[in-house]
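The structure appears right after this line, and notes come after that.
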Amino acid sequence: MAIPKIIHQVWEGRTEPCMPTRLQILARTWREQNPDWEYHLWNGEEMDELVEKHFPEYLSLYRSFPYNVQRWDTIRYMILYVYGGVYTDLDTECFKPIEPLLEDVAIGFGEEPPQHNFNSSMPTLIGNAFMVSEPRCGGWIDILKEITDAMLRDYPAQKVMHTTGPLMISRIFNTLKKRYKVTLFPYSKVTPVTKDDMGSYIYQGETASFHEKIKEAYCSHYFFGSWDTNFSFYN
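Take a look at the structure:
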């Protein structure tokens, strides 16, 4: 397996030093299901140091983002470029050892459920909540360049999604596939439930369909959306 056995997660900790219990429980599943893997929870100071040391040409951009989530998006691409391994959002749960999913993978992204794709120009929405890579894969540099260009464009809606998030990755995904050996993990394996599924599960106690959807998955993103208080299951 070319992917280094390290799992990266990010909790900046400046505005909210104590991670909520719900996220702590989910983070623990990654360590428990992958006990022979290294685990690193990145804090704000470490994130800043990484940019300063390895990406000084992007330091001004990194500091100028109007939304914190744009920094949190960007740092995950930088981490995977420098160290490789697995990056996963804190609102994801790991159900079983991840290694079998990663055989013969150089760089990989998770497909979003089709219900999340409202952009008719993109046949598939590519997520950034679960990503894997060999160290020093040039695809991450391509993504950083696209972020730089995207920040100069005017997006009247979904600015974060278009500049640093899934819509940005989806926009250049075909280009990445032409240049690198890219794996797209099917949503049934890494993102089997939708945001609406989570709403039904949390607020209505709908468990049967939820458990049916996750039975073949290695992990699932739960879309707590801590950065977007208008659409958050976070609290």
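Remember, my numbering sits 1182 above the position in the sequence shown when you count from 1.
Quick reminder that beta carbons are idealized off the backbone N, C-alpha and C, glycines included.
For clarity, every value in this text was computed on a predicted model and none was experimentally measured.
Comparing alpha carbon positions, the residue from Leu1284, Gln1297, Met1350, Gln1340 closest to Asn1310 is Met1350.
Asp1336 has its alpha-carbon roughly 42 Å from the corresponding atom of Asn1216.
Sequence-distant Cβ neighbours of Gly1387 in its own chain, meaning closer than 8 Å and more than five residues away, do not exist here. Between Ser1370 and Val1233, the alpha-carbon positions lie close to 34 Å from each other. For the pair of segments examined, the segment 1220-1238 was found to touch the segment 1249-1264: the number of CB pairs separated by less than 8 Å reaches three.
Look at Ala1311 here: in three-state DSSP terms it is strand.
Leu1223 is the residue among Leu1326, Val1342, Leu1223 whose C-alpha sits nearest the C-alpha of Gln1206.
Annotated as distal: Leu1284 and Ala1209, with beta-carbon spacing of 8 Å or more. For the pair His1190 and Ile1280, the CB atoms are not nearer than the 8 Å cut-off.
For Glu1293, same chain residues with a beta-carbon under 8 Å away, outside a window of 5 residues either side, are Thr1306, Leu1307, Ile1308, Gly1309, Leu1366, Phe1367, Pro1368, Tyr1369, Val1372, Thr1373 in chain order. Take Asn1299, set aside five residues on each side of it, and the residues of its chain with a beta-carbon closer than 6 Å to its own are Leu1307, in chain order.
Shown here, Thr1197 sits in coil according to DSSP, grouped into three states, outside any helix or strand.
In the pairwise beta carbon analysis, the segment 1321-1330 is classified as touching the segment 1238-1245: at least three pairs are separated by under 8 Å.
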